[in-house]
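Everything on this sheet refers to the single structure shown next.
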Amino acid sequence: MLSPDSLHDELAGKRLPSYAPWAAAGGAIVFSVILSLAGVISGIPLIAVIAGLLFVVGETAWSFRVEGRRHAT
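FYI, the numbering for the sequence shown is 0 to 72, going by numbering that gives the first Met the number 0.
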């Protein structure tokens, strides 16, 4: 039999940590700068666009992975 605390833990959904948006944004910026230094992309506007797209994709994927489909929308 489950105790009330363990039942609550089982039913409660997982959540992203509070630093998730900052970590995803930082990772996207670093990856975009690396692509720029490698010569794959050039120009600050393109770096910003690629970083923005990577942020959206990364944050969404992380949210789906941790929280599941019902919370990630």
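Glycine included, every Cβ here is placed at the ideal spot set by N, Cα and C.
Secondary structure at A22: helix, using DSSP grouped into helix, strand and coil.
Less than 8 Å divides the Cβ of I40 from the Cβ of L34. If you compare the alpha carbons of W61, A37, G67 with that of Y18, the shortest gap goes to W61. DSSP places G57 in the uninterrupted alpha helix (DSSP H) bounded by 43 to 66.
Per DSSP, reduced to three states, the secondary structure at A27 is helical.
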